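Shown next, in structure tokens, is the structure this report addresses.
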Amino acid sequence: MKIAVTGATGKLGAQVVEKLKERVDQANIIALARTPKKASGLEVEVRAFDYNNVDQMTTSLEGVDKLLLISGSELGQRLQQHANIITAAKHAGVKYVAYTSLLNADESSSSLAPEHLGTEKTLAESGIPFTVLRDGWYTENYTDSLNDTIALGTLYGSSGDGKIASATREDYAEAAAIVLTTKGHEGKTYELAGDEFFTMQDYAMEISKHTGKTVPYVDLPESEYAKILEKAGVPAPISGFLAGTHTSTAKGDLFNDTHELSKILGRPTTPLSKTIANVLA
Ligand SMILES: NC(=O)c1ccc[n+]([C@@H]2O[C@H](COP(=O)([O-])OP(=O)(O)OC[C@H]3O[C@@H](n4cnc5c(N)ncnc54)[C@H](OP(=O)(O)O)[C@@H]3O)[C@@H](O)[C@H]2O)c1
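Take a look at the structure:
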């Protein structure tokens with residue numbers, strides 16, 4: 000049983016490969032990478048995989064039984080790229096595909112939702128047995144800039160009191176590895192989110208608790224938050240996109256309380272406090 004993972008050079012994909020190694024013989028794991036050299040440290044078979052090259056992807060999927068399609072990172076091109084991957088999987092006779100979609104994809108106001116929903120539809124129409132893993136926000140989306148926030152002394156955002164049920168990449172990676180290596184997931188769509196939720200105000204309070212220094216949360220209109228990001232050096236299109244994700248957060252798009260992620264993991268998801276502690280350690 001050969002299991003292949005797209006985006007294996009990415010942060011999530013690399014962790015999925017590691018989690019798979021704990022569950023199956025590593026000779027049965029294939030890392031799919033646009034630049035194979037980048038994946039050499041994974042110590043599994045690596046095959047070339049450019050989402051814009053259907054012929055190359057079809058060849059690279061030969062002999063693959065199960066595929067984890069990790070959503071790509073080139074916004075606006077992903078619907079076509081994901082469709083290309085699904086076409087290649089069909090041509091190569093892949094028997095099962097799991098796709099990392101977006102939490103609440105069918106209800107979300109996020110600008111990211113249409114590409115994910117479109118991919119879910121393409122996958123359903125492909126005839127290949129599949130599972131949709133609707134991943135929530137990574138806690139690292141916040142904690143990657145934790146040290147900058149502490150240095151600045153203020154947490155800015157435009158998320159209002161939107162609830163954020165995030166989990167770590169490791170949580171999502173482990174869940175994907177479990178779904179790929181256990182039975183009973185075909186045809187299912189899982190809403191994967193953290194067991195606990197926090198608001199940006201809660202996040203600021205948690206930072207204050209860990210550092211012993213008061214870090215207030217300042218909630219701004221979306222356009223003003225985008226300006227702050229721009230002033231900090233974030234390019235205009237990205238700052239607009241990031242501020243937009245905060246508005247989506249305020250609308251509740253990052254919240255889900257079905258606990259499907261911890262049910263798959265068989266353990267609680269990683270709490271925010273632990274992720275903060277790990278960054279500060
Ligand atoms: N849930 C969340 O909070 C959240 C946050 C950010 C992103 N995401 C989504 O989740 C995915 C995985 O997250 P991540 O943190 O692992 O992202 P990441 O580190 O940016 O990894 C993206 C991966 O996609 C590959 N890729 C992109 N375009 C490609 C193409 N045209 N052909 C072949 N490979 C391509 C990249 O390859 P290279 O190494 O060659 O660039 C990389 O391996 C992202 O791509 C995005 O769709 C989710």
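Letter 155 of the sequence shown, counting from 1, is numbered 154 in numbering that gives the first Met the number 0, and no numbers are missing. Even glycine gets a Cβ: it sits at the ideal position worked out from N, Cα and C. Since the model is a prediction, treat every value here as computed from it, not as a measurement.
- With fewer than 16 other Cβ atoms inside 10 Å of its own Cβ, residue 72 counts as exposed.
- DSSP places residue 120 within a helical segment (H, G or I) once states are collapsed to three.
- A distance criterion of 8 angstroms places the beta-carbon of residue 168 in contact range of ligand 1, judged by its closest non-hydrogen atom.
- Annotated as proximal: residue 242 and residue 228, with beta-carbon spacing under 9 angstroms.
- As summarised for the segment 16-95, the continuous alpha helix (DSSP H) elements at least 4 residues long and confined to that stretch are 53-59, 77-91, given in chain order.
- In this structure, 91 is the residue among 278, 91, 39, 114 with its C-alpha nearest to the C-alpha of residue 54.
- Excluding the 5 residues flanking it on each side, residue 278 has same chain C-beta neighbours closer than 6 angstroms at 142, 145, in chain order.
- Within the segment 109-196, the runs of beta strand (DSSP E) at least 3 residues long that lie entirely inside it are, in chain order, 129-134, 154-156, 188-191.
- Annotated as proximal: residue 60 and residue 66, with beta-carbon spacing under 9 angstroms.
- Here residue 232 is exposed. Its C-beta has fewer than 16 other C-beta atoms within 10 Å.
- If you draw a straight line from the Cα of residue 239 to the Cα of residue 222, it is about 8 angstroms long.
- Look at residue 101 here: in three-state DSSP terms it is strand.
- Remark: three or more beta-carbon pairs, one from each stretch, lie closer than 8 angstroms, so the segment 2-22 and the segment 34-42 are flagged as touching.
- Its chain contains 197, 271, 272, 275 as the residues whose beta carbon lies nearer than 8 angstroms to that of residue 205, once the 5 sequence neighbours on both sides are disregarded; these appear in chain order.
- Residue state for residue 218 is assigned as strand, using DSSP reduced to three classes.
- A buried status is given to residue 133, since no fewer than 16 other beta-carbon atoms sit within 10 Å of its beta-carbon.
- Rounded to the nearest whole angstrom, the C-alpha separation of residue 125 and residue 85 is 7 angstroms.
- For residue 3, the enclosing beta strand (DSSP E) stretches over residues 2-4.
- In this structure, residue 245 sits near residue 156, with a CB-CB distance shorter than 9 angstroms.
- For the 9 angstroms CB-CB criterion, residue 87 and residue 130 do not form a contact.
- For the set 20, 63, 0, 18, the Cα lying nearest the Cα of residue 31 is the one of 63.
- Counting the other Cβ atoms within 10 Å of the Cβ of residue 75 gives fewer than 16, which makes it exposed.
- Check the Cα spacing between residue 47 and each of 19, 226, 8: the tightest is with 8.
- Listed in chain order, the non-local C-beta contacts of residue 247 below 6 angstroms within the same chain comprise 108, 109, local neighbours out to five positions each way being set aside.
- Distance from the C-beta of residue 33 to the nearest heavy atom of ligand 1 is below 8 angstroms.
- The criterion of a C-beta distance shorter than 9 angstroms is not satisfied by residue 200 and residue 224.
- Taking the Cα positions, residue 147 is about 22 angstroms away from residue 269.
- The residues 176, 180, in chain order, have a CB closer than 7 angstroms to that of residue 22 in the same chain once the five nearest residues on each side in sequence are set aside.
- Taking the Cα positions, residue 191 is about 11 angstroms away from residue 264.
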